[in-house]
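Student: Structure provided below as C-alpha cells; questions to follow.
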Amino acid sequence: MKKFSACLLCLIIFILSTFQAVSFAEEGDAAAIKPDIQVGTSVLSIDEAALNAAGYKFVDDTDPDILYGWPYDLYNRAASESAYGGNVIFSMGQVSATITYAFSGTYLAVVFAETYWAAEIVVTIDDTEYGSFTPHNASVEKEAPGDSKVIFVKDDLAEGDHVVTITHKTAYTSGEDNVKADGTAYYDNDAFFDCFIVKGTQAEEQPIDKVTEGSRMSDYTEDILNNLNLTVIDDTNEEIQYQWPYDMGIRHTCSSAYGGSVISNVGQVSATFSYDFEGTYLAVAFAETYYAATIMIDVDGEILAEVTPHNVLKSGDGSLPVRSTVIFATDQLSPGWHTVTIYHETAFTTGEDNVREDGNAYYDNYALFDCLIVQKEPTEESTPEPTDVQTAEPTPAATVKPQASSAPKTEAPSADKNIEKKSGSNVILIVVIAAVILIAAAIIIFIVIRKKGKGAKQ
1 MKKFSACLLC
11 LIIFILSTFQ
21 AVSFAEEGDA
31 AAIKPDIQVG
41 TSVLSIDEAA
51 LNAAGYKFVD
61 DTDPDILYGW
71 PYDLYNRAAS
81 ESAYGGNVIF
91 SMGQVSATIT
101 YAFSGTYLAV
111 VFAETYWAAE
121 IVVTIDDTEY
131 GSFTPHNASV
141 EKEAPGDSKV
151 IFVKDDLAEG
161 DHVVTITHKT
171 AYTSGEDNVK
181 ADGTAYYDND
191 AFFDCFIVKG
201 TQAEEQPIDK
211 VTEGSRMSDY
221 TEDILNNLNL
231 TVIDDTNEEI
241 QYQWPYDMGI
251 RHTCSSAYGG
261 SVISNVGQVS
271 ATFSYDFEGT
281 YLAVAFAETY
291 YAATIMIDVD
301 GEILAEVTPH
311 NVLKSGDGSL
321 PVRSTVIFAT
331 DQLSPGWHTV
341 TIYHETAFTT
351 GEDNVREDGN
361 AYYDNYALFD
371 CLIVQKEPTE
381 ESTPEPTDVQ
391 TAEPTPAATV
401 KPQASSAPKT
411 EAPSADKNIE
421 KKSGSNVILI
431 VVIAAVILIA
441 AAIIIFIVIR
451 KKGKGAKQ
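Every letter in the sequence shown is one number past the one before it in the UniProt record's numbering, and letter 28, counting from 1, is 28.
Okay, here's the thing in C-alpha cells:
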C-alpha cells in the first residue's frame, strides 16, 4: 500500500508540473512576440498581417493624427513603389520641418526613404533625444525617394502615452554643396517620411454618439453625422455672410478639415461672419494654429463661448493650420431660427509679439474657420392645443437634441475575448485529461498491487 501511495503522489506531482509548464508557455508566447524589425529593414519586407496579429500597426504618412510643421504641411508627396502606402511626404529641403505624433504603448519604429541629399533625422520621444540617422544612398536619384527603410527602433518604452517628434539637421554625407537656383548651398537637406510602426494598449474605440468639444473634425463622417441627425455647413457655403477679409476667400489646405481646407481671417481680428440656421443644435469647428486669436461665438446676441484654438506646433510662420477641432457644441438652443455670429479678439497665449513684415506686433491674431454643424431636420416648436379655458402662457421646456433610433446591435466578440475563451478552453481540456490519466493510473496501479498481493498469499 505504501508503494501505491508513493506512485500516486509522484503521478500527481508530474501532472501538476506539466499543467503549470503549459500555462507559463502560453503566457510567455503572448508576451514575447515582437516583430523582427531592425534599423535598415526594408518596409516592404515586413509582413503586415503578421504585424497586426502580434498587436502592432503601421501609421502611414497620410494619418490625420500626425501633425506636420511647415513645409511638410503643404503635403508635397512623392510616389514610391518601395514605400508603405505607395508614397512618402517631402520636407522640400527645409531642415526646419517637423513631424509630431502622439501614441500609446511600448514600441516605436520610424521609417524614412533613402535619398541622395539626405538630411540627418533626429528622433525625440517625450522631450528625450534618442538618436539620429542619415538615410543617404549615393545611387538614388537626387531630390527623389529611394527604398523606404527603418531608421529607428525603440521597443522598451514605458507603458502609457508618448509623443514622438521628428526634426532635421543639415548633413554633409554627399560631400556636395547642393547649390539651388537662388545660388545658396544647402548641402544635404532632403527628407522623405514614410510611416511609423507602433504597438498600443489603447482601449477599443467606442461608437460615436455625439459631437464632442476638443475632438477632431475628421472623426465625424457623413454616416456618423446622419445618424445623429446633423449636417455640416462648410466654410464654402454661399449662405455664410463673410465680412472683410474673410470675404477675400483666402484658404489653406488642412487634411483634417471638412472638405480639406479652412478659410483665413488673414490675421485681422476685426473679421466676422454670420449664418442663419434652424434647430436646437450648433457646433463650431476651427483649425488650431500657433498664433491663434480668441474666437467669440455669439448666438442671437448672447456670447455662448470664447475659445482660443492654440496649438504649440508652429506651422510655417505660425499662421497656418495644424488640425481642425470642434471648439464649441451645444444642443440646448430653443427650437426655431437663430443667427450665429463669429468674431475675434487678439489673444496673448504664446507670449510672443508676432512681428510681421510691416514691423508691427500683432500677437496672436489668426483664425482659420472650418465649418458649422447644425440639425439636419430641426426640432419643431411645440404648439399648444386650443382650449376654451384661459391659461397662462406655457413656459418652453428645455429641448434635448433628438437621437436617431437604431436597431439594437449585437457586439461582436473582440479578439482579446476570443483569446481568453480559447485559453480557458485549453485549461479545462488539460485538467480533464489530467484527471482521466490520474484515475486510470490509480486503477492500474491498484490492480497490479492487488495481483501481487494475491500471488504472495498463494
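Quick reminder that beta carbons are idealized off the backbone N, C-alpha and C, glycines included.
A quick note: this is a predicted structure, and the numbers were derived from the prediction, not measured.
When you compare only the Cα positions, how much space is there between Glu120 and Thr170?
Tutor: Walking along the sequence shown from the start, residue 120 turns up at place 120. Walking along the sequence shown from the start, residue 170 turns up at place 170. If I take the Cα positions, the gap works out to 6 Å.
Student: Please classify Ala97 as buried or exposed, where buried requires at least 16 other C-beta atoms within 10 Å of its C-beta.
Tutor: Here residue 97 is taken as the residue at index 97 of the sequence shown, counted from 1. Buried is the call here.
Student: What are the residues that DSSP puts in a beta bridge with Met296?
Tutor: By one-based count along the sequence shown, residue 296 stands at place 296. DSSP output for Met296 lists Glu306, Tyr343 as bridge partner(s).
Student: Given this structure, state the Cα-to-Cα distance separating Lys149 from Asp126, to the nearest angstrom.
Tutor: One-based indexing of the sequence shown puts residue 149 at position 149. One-based indexing of the sequence shown puts residue 126 at position 126. Answer to the nearest angstrom: the Cα atoms are 23 Å apart.
Student: By how many angstroms is the C-alpha of Ile433 removed from the C-alpha of Ala442?
Tutor: If you number the sequence shown from 1, residue 442 lands on position 442. If you number the sequence shown from 1, residue 433 lands on position 433. In a straight line, the C-alpha of Ala442 is about 14 Å away from that of Ile433.
Student: Taking one C-beta from the segment 288-307 and one from the segment 337-355 each time, how about it: are there three or more such pairs within less than 8 Å?
Tutor: Taking 8 Å as the limit for Cβ pairs, the verdict is that the segment 337-355 does touch the segment 288-307.
Student: What does the alpha-carbon distance come out to for the pair Asp182 and Phe369?
Tutor: Residue mapping note: residue 182 aligns to position 182 of the sequence shown, counting from 1. Residue mapping note: residue 369 aligns to position 369 of the sequence shown, counting from 1. For Asp182 and Phe369, the distance between alpha carbons rounds to 35 Å.
Student: Glu420 to Gly105, Cα distance in whole Å?
Tutor: Within the sequence shown, residue 420 is the residue found at index 420, counting from 1. Within the sequence shown, residue 105 is the residue found at index 105, counting from 1. With a pLDDT of 44 at Glu420, under the threshold of 50, the modelled position of this residue cannot be trusted; read the value that follows with caution. Each residue's alpha carbon lies about 21 Å from the other.
Student: May I ask you to list the residues that DSSP assigns as paired with Thr115?
Tutor: Translated into positions along the sequence shown, residue 115 becomes position 115. Beta-bridge pairing links Thr115 to His136.
Student: Could you compute how far the alpha carbon of Glu81 sits from the alpha carbon of Asp61?
Tutor: In the sequence shown, counting from the first residue as 1, residue 81 sits at position 81. In the sequence shown, counting from the first residue as 1, residue 61 sits at position 61. Distance between the alpha carbons of Glu81 and Asp61 is about 15 Å.
Student: Please report the Cβ distance between Ala285 and Tyr258, rounded to the nearest whole angstrom; I am assuming they are in contact, meaning their Cβ atoms lie under 8 Å.
Tutor: Locating residue 285 in the sequence shown gives position 285, counting from the first residue. Locating residue 258 in the sequence shown gives position 258, counting from the first residue. 7 Å between Cβ atoms; contact.
Student: In whole angstroms, what is the alpha-carbon distance linking Leu304 and Ile33?
Tutor: The residue labelled residue 304 in the question sits at position 304 within the sequence shown. The residue labelled residue 33 in the question sits at position 33 within the sequence shown. Their backbone Cα atoms lie some 52 Å apart in a straight line.
Student: Thinking C-alpha only, which one of Asp161, Glu143, Val95, Val88 is nearest Phe103?
Tutor: For this step, residue 103 is matched to residue 103 along the sequence shown. Ranking the options by Cα distance to Phe103, first place goes to Asp161.
Student: Among Leu438, Pro35, Thr349, which residue has its Cα nearest to the Cα of Ala50?
Tutor: Reading the sequence shown from its first residue, position 50 is the one you call residue 50. For the residues Leu438, Pro35, Thr349, the minimum Cα distance to Ala50 belongs to Pro35.
Student: Taking the Cβ atom as the reference point for each residue, do Ser315 and Pro321 lie within a distance shorter than 8 Å?
Tutor: Numbered from 1 along the sequence shown, position 315 holds the residue referred to as residue 315. Numbered from 1 along the sequence shown, position 321 holds the residue referred to as residue 321. Taking 8 Å as the Cβ cut-off, Ser315 and Pro321 qualify as a contacting pair.
Student: Here's the rule: buried if 16 or more other CB atoms are within 10 angstroms of the residue's CB, otherwise exposed. What is Ser264?
Tutor: One-based indexing of the sequence shown puts residue 264 at position 264. So Ser264 ends up on the buried side.
Student: According to DSSP, simplified to helix, strand and coil, what is Ile445?
Tutor: Translated into positions along the sequence shown, residue 445 becomes position 445. Ile445 falls in the helix class under three-state DSSP.
Student: Who are the near neighbours of Asp276 in its chain, counting only those whose CB is closer than 6 Å to its CB and skipping five residues on each side?
Tutor: For the purposes of this step, residue 276 is identified with residue 276 of the sequence shown, where counting begins at 1. The answer, listed in chain order, is Thr339.
Student: Go through its chain and collect everything with a Cβ distance to Val232's Cβ below 7 Å, but skip five positions before and after it.
Tutor: Position 232 of the sequence shown, counted from the start, is the residue given in the question as residue 232. Closer than 7 Å at the Cβ level, and outside the excluded window around Val232, lie Leu225, Tyr258, Cys371, Ile373.
Student: Ignoring anything shorter than 4 residues, give me the alpha helix (DSSP H) runs that lie fully in the segment 25-104, in order along the chain.
Tutor: Listed in chain order, they are 48-53.
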